[in-house]
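Using this note's numbering, the letters of the sequence shown correspond one by one to residues 14 to 864. Ideal Cβ positions, reconstructed from N, Cα and C, are used throughout, including at glycine. So the structure is just underneath, and the comments pick up after that.
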Amino acid sequence: MTGRARARARGRPPSQEAAIPPVGAASAQRTLPSRPPGQQQSLQPCRPPALAEESGGRGRQRGPQDAPKTLATGLQISAGFQELSLADRGGRRRDFHDLGVNTRQAIEHVRESKTGSSGAVIKLIANFFRLTSRPQWALYQYHIDYNPEMEARRLRSALLFQHEDLIGKTHAFDGSILFLPKRLSNKVTEVFSKTRNGEDVRITITLTNELPPTSPTCLQFYNIIFRRLLKMMNLQQIGRNYYNPKDPVNIPNHRLMVWPGFTSSILQYEESIMLCADVSHKILRSETVLDFMYSLYEQVEERRFRDACAKELIGVIVLTKYNNRTYRVDDIDWDANPQCTFRRADGSEISYIDYYKRQYNQEISDLNQPVLISQCRRKRGNVMVGPVVLIPELCYLTGLTEKMRNDFNMMKDLSVHTRLSPEQRQREIGKLIDYMKKDECVQKELRDWGLSFDSNLLSFTGRVVQAEKILQAGNVFDYNPQFADWSRETRVAPLIRAKPLDNWLLIYTRRNYDAANTLLQNLFKVTPSMGIRMNKATMIEVDDRTEAYLRVLQQSITPDTNIAVCILSSTRKDKYDAIKKYLCTDCPIPSQCVIARTLSKPQTTLAIVTKIALQMNCKMGGELWSVEIPLKQLMIVGIDCYHDTLSGKQSIAGFVASLNETMTRWFSRCVVQSRGQELVDGLKACLQTALREWFKWNKYLPSRIIVYRDGVGDGQLNTLVNYEVPQFLDCLKTVGKDYNPRLTVIVVKKRVSTRFFAQVAGGLKNAPPGTVVDTEVTRPEWYDFFIVSQAVRNGCVAPTHYNVVYDTSKLKPDHVQRLTYKLCHMYYNWSDISLPLPGLPEPIGDVGDPE
């Protein structure tokens, strides 16, 4: 279980913290349930999965009828259609909300062309397939009315499909909106159907739109049809992606199973509509939640069992194989068990045992196990679906715990199947189209709609910009651009600004004395060449308890202390969090935590200690290296957000701003937001303070400000442009009537499915660092580009996507791209990284820390 999930478990609402009757480990000891069967109460409004959620009709018995829907006949596909087809199991695709946000049109100097020209041309292949349609293709959208009104979606569909001789067998219908590949003879058509009871129903079919292939509605429609094709191939949807449970990879040594699968998205790109497909893997554990609870019961005291279960399970994702759905565990109800009953839609009551037997043919053996509660966050119509009751015995754990991630052998065995080379990835992606070509039902569906996909991945050219030179205290270093690593070159030269270690603390446990001594001795070796003046640390031995560390810190820190270094025995996040909280808020001084085992290998110790020395110097206000920034009077701003979505805590937005022209000194500020809020409210105050700090350092204000905004969720682009950018503009107006700096706002997205492969000597390799792509796979309505700014030894490198949403700087695309790549060299924890320094506004991390 991750540290984040632990934090979420600790942050449960007060109702979950109520005292629990001391009945011991209910399921593990096979004790009787809290309420005898004869006194069981219905658990309302909780429901098992099929009754609690809209499942698109798959595997359901007769249930409640759907509520009437508000009909939508515009260019946007209705919410009902989204629920029915596009996201019936994975939630609505919010990225489609960004369609139509044409930010490029407002940026005058890139309306005609947004492409750069600098750099060497490179042949690339990308994970895209073109979607083609027959000539004069159009999609016809009809609105369907019933008289008398029919509320149940299934009944509406059955009545309409009585007239397939009119509408044809190729159609998509959500209960109110009908899509056809052909135009009916009349704009308004009336037909009559009969219900089973013999009641006559008049159906009015009205043409509302004739949609061209590139319309936003068509783009959503293509994705709906493509998901239909994936289902035809018996791929199972989990979340947004589709997986093949019939071709699992078993890793028995670690009790893991990997389902291979695909991600997919069809959008309009520069020249054509294309499918972006990538490989995905779902990691499943062979143990059920009940197995995990049994195991946990053997490891903890009985009185702590329930708290331990809550801490380990709340916040995790589980898979129910009987319907291939994933759920997040939000609570554990110890007062309920499978013998409890719930009320069905027809008013009858049924136990969970009988329900799962009848609905899914699942036998439940432990009748006294508690139940899991998952708060469903989807709507059926306009009504929020109630919580879902899950049986631990039928739920399989997914993902990896922190302990698993720290198991080198496990991760090595897992990476054999999940970390694919470029050529392996190309073959796996190509299998998707091969499967489609061989499936006659899929091909018929495509023919009926007049659509087809190219068989080959997209080939085109990109550019590789020149490698940067690293500047360090009068020294200039080149590095091998293929590896994007200059640590060896820079470790022997003086830093730009070295901070002395005159008075510092080194805190360790008796068990870790050797590690502390190793760190100290190697620091004496590496710091002289860096120009760091260093005295011996005040070394303090403590017990291996959080309270002992905090007590020593409270007693030993003085106003003259430069930095506190703590050697930790393990990756226990609670201890790390407590130390960092004290040293960041209660007694704010620079701090460095080091996991003892990172210093245990003599062959790597010197390199690791060198990195630790660099981090310590940076945290104390030192400056390490820089690159040449041609633009003068330039301030770089970076913004990102962190959400703790499960614990109900407020979100935190990080804000950083450069204070000098070499981008080596930074101002930082945090803004507390309401839960789950993505867009930053307090930007005005942050920028005002940053400008004051800039003026203190430089005695003038910046003439250009470039903002790199990370952490913008899908579908929020329009809100950012209309809400966040005006905050910047309003702030600049308050500085002075004559102050009018040029402003650029760039949205950074590092979690993208796009992959680029370089064609080299008849094979495929990762695109090298410095690769820039601003054609073919970018969006015509955006001023956007991709940059590959890192090198990976294994697997495939991921590019970062940059979207310039506001720009009055009138910089050429080449200049914006080169500046962005330069800033990717300025994060001191690594060499090249996947996004500019401001995109990571959190403090420099610790070597070997739990995060």
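Considering P541, what are the terminal residues of the beta strand (DSSP E) in which it resides? Sequence index remark: in the sequence shown, residue 541 carries index 528 (1-based). Looking at the DSSP string, P541 is not in any beta strand (DSSP E); the run it does join, the alpha helix (DSSP H), is Y526 to M543.
Using C-beta distances below 6 angstroms, list every residue in its chain close to I759, excluding the 5 sequence neighbours before and after it, in chain order. As a working mapping, residue 759 is identified with position 746 in the sequence shown. Y721, Y815 and V817.
Do V302 and V331 have their C-beta atoms within less than 8 angstroms of each other? Reading the sequence shown from its first residue, position 289 is the one you call residue 302. Reading the sequence shown from its first residue, position 318 is the one you call residue 331. V302 is a Cβ neighbour of V331, given a cutoff of 8 angstroms.
State yes or no: is the C-beta of T354 within less than 8 angstroms of the C-beta of C408? Locating residue 354 in the sequence shown gives position 341, where the first residue counts as 1. Locating residue 408 in the sequence shown gives position 395, where the first residue counts as 1. With respect to the 8 angstroms criterion, T354 and C408 are not classified as neighbours on the basis of their beta carbons.
Bridge partners of W347, per DSSP? Position 334 of the sequence shown, counting from 1, holds the residue named residue 347. Answer is none; W347 lacks a bridge partner.
Return the residue from the list S604, R610, D573 and V565 that minimises the CA-CA distance to T584. By 1-based counting over the sequence shown, the position of residue 584 is 571. Residue R610 is the option with its Cα nearest to T584.
Runs of beta strand (DSSP E) lying entirely within the segment 312-337, each at least 3 residues, in chain order: If only uninterrupted beta strand (DSSP E) runs of at least 3 residues are considered, those enclosed by the segment 312-337 are 330-333.
Could you check whether the segment 245-260 touches the segment 270-281, counting it as contact only if at least three pairs of C-beta atoms, one from each stretch, sit closer than 8 angstroms? Flag = yes, the segment 245-260 and the segment 270-281 touch.
Bridge partners of K136, per DSSP? Indexing the sequence shown from 1 puts residue 136 at position 123. Its beta-bridge partners are T474.
Counting beta carbon pairs with one atom in the segment 700-717 and one in the segment 743-752, are three or more of them shorter than 8 angstroms? At 8 angstroms Cβ cutoff, the stretches touch.
Element boundaries [alpha helix (DSSP H), containing S146]: Locating residue 146 in the sequence shown gives position 133, counting from the first residue. For S146, there is no enclosing alpha helix (DSSP H); the enclosing beta strand (DSSP E) covers residues F141 to S146.
Specify, as a first and last residue, the run of the alpha helix (DSSP H) that I366 falls within. Working through the sequence shown from its first residue, we reach residue 366 at position 353. Segment Y365 to Y373, the alpha helix (DSSP H) holding I366.
If you check the beta carbons only, do S428 and N807 fall under 8 angstroms apart? Within the sequence shown, the letter at position 415 stands for residue 428. Within the sequence shown, the letter at position 794 stands for residue 807. Yes; because the gap between Cβ atoms is below 8 angstroms, this pair is in contact.
Once you ignore the five residues that flank I120 on each side, which residues in its own chain have a CB closer than 6 angstroms to its CB? Here residue 120 corresponds to residue number 107 of the sequence shown, with the count starting at 1. For I120, same chain residues with a beta-carbon under 6 angstroms away, outside a window of 5 residues either side, are Y796 and D820 in chain order.
Supposed close pair L144, L596 - CB separation, criterion 8 angstroms: Translated into the one-based positions of the sequence shown, residue 144 becomes position 131. Translated into the one-based positions of the sequence shown, residue 596 becomes position 583. 54 angstroms between Cβ atoms; not a contact.
Rounded C-alpha distance that separates E362 from Q352: Taking the sequence shown and counting its residues from 1, one reaches residue 362 at position 349. Taking the sequence shown and counting its residues from 1, one reaches residue 352 at position 339. Rounded to whole angstroms, E362 to Q352 spans 12 angstroms at the Cα level.
How about the segment 522-542 and the segment 565-574: do they share at least three Cβ pairs that are nearer than 8 angstroms? Result no; under three Cβ-Cβ pairs closer than 8 angstroms.
My output table needs one value for Y819: the three-state DSSP class, helix, strand or coil. The sequence position of residue 819 within the sequence shown is 806, counting from 1. In the structure shown, Y819 adopts extended strand secondary structure according to DSSP, grouped into three states.
When the Cα atoms are used, what is the spatial distance from E177 to L191? The residue given as residue 177 occupies position 164 in the sequence shown. The residue given as residue 191 occupies position 178 in the sequence shown. Using only the alpha carbons, I get a separation of about 12 angstroms.
Out of curiosity, what's the CA-to-CA distance linking A774 and I264? For the purposes of this step, residue 774 is taken as the residue at position 761 of the sequence shown. For the purposes of this step, residue 264 is taken as the residue at position 251 of the sequence shown. Cα to Cα, A774 sits roughly 35 angstroms from I264.
Expected contact under 8 angstroms - CB spacing of V786 and F770 to nearest Å: The sequence position of residue 786 within the sequence shown is 773, counting from 1. The sequence position of residue 770 within the sequence shown is 757, counting from 1. Going by Cβ atoms, the distance from V786 to F770 rounds to 12 angstroms, so no, they are not a contact pair.
Whole-Å CB distance - M648 paired with A670, under 8 angstroms assumed: Stepping through the sequence shown from its first residue, residue 648 is reached at position 635. Stepping through the sequence shown from its first residue, residue 670 is reached at position 657. So it is a contact: roughly 6 angstroms between Cβ atoms.
Any contact of the segment 481-494 with the segment 458-472, i.e. 3+ C-beta pairs under 8 angstroms? With the cut-off at 8 angstroms, the segment 481-494 and the segment 458-472 do not touch.
How big is the Cα-Cα spacing for L433 and W638? Numbered from 1 along the sequence shown, position 420 holds the residue referred to as residue 433. Numbered from 1 along the sequence shown, position 625 holds the residue referred to as residue 638. Answer to the nearest angstrom: the Cα atoms are 34 angstroms apart.
Helix, strand or coil: how does DSSP classify V738 here? Residue 738 sits at position 725 when you count from the first residue of the sequence shown. Look at V738 here: in three-state DSSP terms it is helix.
Which residues in the same chain have their Cβ closer than 6 angstroms to the Cβ of H430, if we skip the five residues on either side of it in sequence? Looking up residue 430 in the sequence shown gives position 417. So the qualifying residues of the chain are V262 and V271.
Enumerate in chain order the residues of its own chain whose CB-to-CB distance from S766 is below 6 angstroms, with the five nearest sequence positions on each side excluded. Within the sequence shown, the letter at position 753 stands for residue 766. Closer than 6 angstroms at Cβ, skipping near neighbours: T276, C289 and D291.
Is the separation between the beta-carbon of N535 and that of V622 shorter than 8 angstroms? Residue numbering aside, residue 535 sits at position 522 when the sequence shown is read from its first letter. Residue numbering aside, residue 622 sits at position 609 when the sequence shown is read from its first letter. A Cβ-Cβ contact shorter than 8 angstroms links N535 with V622.
Suppose contacts are defined by Cβ-Cβ distances below 8 angstroms. Is Y282 in contact with T221 by that definition? What you label residue 282 is simply residue 269 of the sequence shown in a count that begins at 1. What you label residue 221 is simply residue 208 of the sequence shown in a count that begins at 1. Between Y282 and T221, the CB-CB gap reaches or exceeds 8 angstroms.
Where Y841 sits in the DSSP three-state scheme: Numbered from its first residue, the sequence shown carries residue 841 at position 828. The answer is coil: DSSP assigns Y841 none of H, G, I, E or B.
Identify the continuous alpha helix (DSSP H) that holds G443 and give its terminal residues. The residue given as residue 443 occupies position 430 in the sequence shown. Counting along the chain, the alpha helix (DSSP H) containing G443 begins and ends at P435 to K451.
Are the Cβ atoms of F473 and T788 separated by less than 8 angstroms? To locate residue 473, count along the sequence shown from 1; it is residue 460. To locate residue 788, count along the sequence shown from 1; it is residue 775. Their beta carbons are under 8 angstroms apart, which means F473 touches T788 by this criterion.
Report whether the distance from the Cβ of S468 to the nearest heavy atom of the ligand GTP is below 7 angstroms. No copy of the ligand GTP occurs in the structure displayed, which carries no ligand at all.
What residue range does the beta strand (DSSP E) around V294 cover? One-based indexing of the sequence shown puts residue 294 at position 281. In the sequence under discussion, the amino acid at residue 294 is His, which differs from the Val named in the question. H294 -> beta strand (DSSP E) spans I286 to T301.
Take S285 and list the residues in its own chain whose beta-carbon comes closer than 7 angstroms to its own, dropping the five residues that flank it on each side. Indexing the sequence shown from 1 puts residue 285 at position 272. Cβ within range, chain order: R143.
How big is the Cα-Cα spacing for T86 and W347? On the sequence shown, position 73 is the one that residue 86 refers to. On the sequence shown, position 334 is the one that residue 347 refers to. Any reading at T86 must be qualified, since the residue scores a pLDDT of 33, below 50, and its modelled position is unreliable; the value itself is stated next. When rounded, the distance between both Cα atoms is 47 angstroms.
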